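Novice: This structure is in structure tokens; I'll ask about it shortly.
Numbering (our numbering), first residue to last: 10 to 422.
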């Protein structure tokens with residue numbers, strides 16, 4: 010007769026206990042074994058045995074004795090920040106920025122560089138540049154790139170279900186064709202590589218470090234060269250079935266009603282850096298016509314520049330009006346190089362939203378600035394590295410008659 014609740018192997022129990030102890034140390038360290046035993050439902054000898062194994066495997070370290078207590082001073086333990094390192098990369102339209110963080114998420118070093126000069130070999134030159142930057146960061150934490158635990162790269166593109174194919178990537182060499190696969194080949198095989206949409210990573214950064222820390226449902230509206238939404242629902246960034254969730258630039262525009270059988274304009278045709286520059290040129294604004302210059306002119310009271318700001322606010326309000334009834338966010342966060350100009354945009358966006366919708370979510374501007382995508386990439390990479398290191402440290406060595414299961418991959422938070 011089969012048992013309804015069969016007993017598990019002893020090594021499984023040791024693994025579960027070890028993980029419970031390690032998580033408690035991660036949350037509360039530095040901490041003693043006695044204090045640990047008071048925090049988790051394990052005996053002190055069991056905790057001490059788990060601590061000894063975690064020390065042996067290098068995932069925790071002793072920080073010195075407790076002071077200020079009577080009697081013998083017990084040792085304290087904390088997670089060894091150097092037990093794993095992770096790299097995050099922001100592949101922007103013009104620059105590549107990267108950072109290396111330890112397993113606690115603390116950034117140890119950063120690098121950045123301009124994109125290589127375009128041409129037929131632009132894709133390969135970009136891959137070589139990114140690889141060199143990652144190698145540089147690894148050296149700064151005294152490791153070869155092969156010993157980095159995780160790499161996450163943010164790209165201005167839709168990432169396919171295979172994790173490598175890129176689409177809707179006009180800002181990348183050759184529209185991103187073959188870039189994901191080339192990056193996968195360039196990174197050492199032993200190092201897991203995740204490619205993710207840049208706005209999704211910026212939304213993750215808002216969730217962990219920015220305006221979205223206090224709510225589980227918000228939308229990051231990122232406006233710069235292009236438009237993208239990071240959709241956070243029930244505390245998780247949503248990619249959709251094929252990765253195109255949040256590609257709001259492809260919404261039909263409200264500016265033109267096309268005749269039957271003809272495609273109407275898209276939102277991205279009337280919003281973003283290129284549209285602003287084209288309007289600035291048509292209106293004869295001084296300067297280089299960049300969004301930065303236009304918004305500075307608007308702050309100085311230039312009538313034509315203020316008209317462009319009002320036009321931009323109208324398109325943002327239209328996008329917000331389209332999104333809010335679908336997912337009911339508590340908060341809209343304006344980000345990106347253009348969207349972050351809250352001093353000029355917040356009031357007209359709220360005012361024009363009233364013309365499009367009965368719904369009034371709170372609208373704020375991001376405080377993360379140009380670090381948003383890199384922060385998200387580094388955060389995700391460090392979280393994955395932490396999971397990998399913790400799983401390896403608390404997995405008992407299997408017997409010769411069994412096979413250890415691989416650690417599961419972690420979805421986008």
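The beta carbon of each residue, even a glycine, is placed where N, CA and C say it ideally should be. Remember, predicted model here, so these are calculated numbers, not experimental data.
What's the call for residue 338, buried or exposed, on a 16-neighbour Cβ count within 10 Å?
Specialist: When all chains shown are included, residue 338 counts as buried.
Novice: Residue 408: buried (16+ other C-beta within 10 angstroms of its C-beta) or exposed?
Specialist: Unreliable positioning characterises residue 408 in this predicted model, as indicated by a pLDDT of 40, which lies under 50. The coordinate reading is nonetheless provided below. With fewer than 16 Cβ atoms within 10 Å of its Cβ, residue 408 is classed as exposed.
Novice: In the DSSP output, which residue or residues are listed as bridge partners for residue 334?
Specialist: Answer is none; residue 334 lacks a bridge partner.
Novice: Buried or exposed: where does residue 417 fall if 16 or more other Cβ atoms within 10 Å of its Cβ makes it buried?
Specialist: Model confidence at residue 417 stands at a pLDDT of 36, short of 50, so the residue's coordinates are unreliable and nothing is read from them.
Novice: Can you have a look at residue 327 and say buried or exposed, based on whether 16 or more other CB atoms are within 10 angstroms of its CB?
Specialist: With 16 or more other Cβ atoms within 10 Å, it is buried.
Novice: Is the separation between the beta-carbon of residue 314 and that of residue 282 shorter than 9 Å?
Specialist: No, these two residues do not count as a Cβ contact at 9 Å.
Novice: Any idea what DSSP makes of residue 90, helix, strand or coil?
Specialist: In this structure, residue 90 counts as helix in the three-state DSSP scheme.
Novice: Measuring straight from C-alpha to C-alpha, what distance separates residue 30 and residue 45?
Specialist: In a straight line, the C-alpha of residue 30 is about 7 Å away from that of residue 45.
Novice: Starting from the C-beta of residue 55, find all residues in its chain whose C-beta is less than 7 Å away, skip the five residues before and the five after it, and write them out in chain order.
Specialist: The residues are 26.
Novice: Three or more C-beta pairs under 8 Å: does that hold for the region 375-384 against the region 89-96?
Specialist: No, the region 375-384 does not touch the region 89-96.
Novice: Are there 16 or more other CB atoms within 10 angstroms of the CB of residue 259, so buried, or fewer, so exposed?
Specialist: Its Cβ having fewer than 16 others within 10 Å, residue 259 is exposed.
Novice: Between which two residues does the beta strand (DSSP E) holding residue 106 run?
Specialist: Per DSSP, residue 106 belongs to the beta strand (DSSP E) from 104-111.
Novice: Look at residue 239 and residue 228 and say whether their C-beta atoms are less than 9 Å apart.
Specialist: Taking 9 Å as the Cβ cut-off, residue 239 and residue 228 qualify as a contacting pair.
Novice: Below 8 Å on the Cβ atoms is my contact criterion, and I expect residue 204 with residue 139 to pass it. Report the Cβ-Cβ distance as a whole number of Å.
Specialist: That pair is no contact at about 11 Å.
Novice: First and last residue of the alpha helix (DSSP H) that includes residue 42?
Specialist: Here the alpha helix (DSSP H) through residue 42 covers 42-48.
Novice: For residue 206, which of helix, strand or coil comes out of DSSP?
Specialist: Reduced to three states, the DSSP call for residue 206 is strand.
Novice: Ordered along the chain, which non-local residues of its own chain (more than five positions away) have a Cβ less than 6 Å from that of residue 298?
Specialist: Excluding positions up to five away in sequence, the list reads 286, 289, 290.
Novice: Should residue 304 be labelled buried (16 or more other beta-carbon atoms within 10 Å of its own) or exposed?
Specialist: Buried, by the Cβ-count rule.
Novice: What does DSSP give as the partner residues of residue 159 in its beta bridges?
Specialist: Beta-bridge pairing links residue 159 to 95.
Novice: Mapping DSSP to helix, strand and coil, what is residue 178?
Specialist: Coil, per DSSP.
Novice: Give me the residue from 171, 132, 321 with the minimum Cα distance to residue 264.
Specialist: Nearest C-alpha to residue 264: 321.
Novice: Per the DSSP calculation, residue 227 is bridged to which residue(s)?
Specialist: Note: residue 227 sits in a beta bridge opposite 241, 340.
Novice: Where do the ends of the beta strand (DSSP E) carrying residue 121 lie?
Specialist: Where residue 121 is concerned, the enclosing beta strand (DSSP E) stretches over 116-123.
Novice: Measure the CB-CB distance between residue 196 and residue 135 and report whether it falls below 9 Å.
Specialist: Taking 9 Å as the Cβ cut-off, residue 196 and residue 135 do not qualify as a contacting pair.
Novice: With DSSP as the reference, identify every bridge partner of residue 247, one or two as the case may be.
Specialist: According to DSSP, which records beta bridges pairwise, residue 247 is partnered with 240.
Novice: Going along the chain, which residues of its own chain have a beta-carbon closer than 7 Å to the beta-carbon of residue 302, five neighbours each way excluded?
Specialist: Around residue 302: 296.
Novice: Please list the terminal residues of the continuous beta strand (DSSP E) segment that includes residue 378.
Specialist: Residue 378 -> no beta strand (DSSP E), and no H or E assigned at all.
Novice: At what residues does the beta strand (DSSP E) containing residue 427 begin and finish?
Specialist: In the structure displayed, the chain extends from 10 to 422; residue 427 sits before or after that span and is not available.
Novice: Put residue 27 into one of helix, strand or coil per three-state DSSP.
Specialist: Here residue 27 sits in helix by DSSP.
Novice: Taking all protein chains shown into account, decide if residue 399 is buried (16 or more other Cβ within 10 angstroms of its Cβ) or exposed.
Specialist: The residue is buried, with at least 16 neighbouring Cβ atoms inside 10 Å.
Novice: Less than 9 Å between the beta carbons of residue 100 and residue 207, yes or no?
Specialist: Yes, the pair counts as a contact, with Cβ atoms nearer than the cut-off.
Novice: Of the residues 19, 209, 96, 102, which one's Cα is nearest the Cα of residue 112?
Specialist: Ranking 19, 209, 96, 102 by Cα distance to residue 112 puts 96 first.
Novice: Could you tell me which whole alpha helix (DSSP H) segments of length 4 or greater appear in the region 260-338?
Specialist: DSSP runs (the alpha helix (DSSP H)) wholly in the region 260-338: 282-291, 300-308, 312-336.
Novice: Buried or exposed: residue 312, going by 16 or more other Cβ atoms within 10 Å of its Cβ?
Specialist: By the 10 Å Cβ count, residue 312 comes out exposed.
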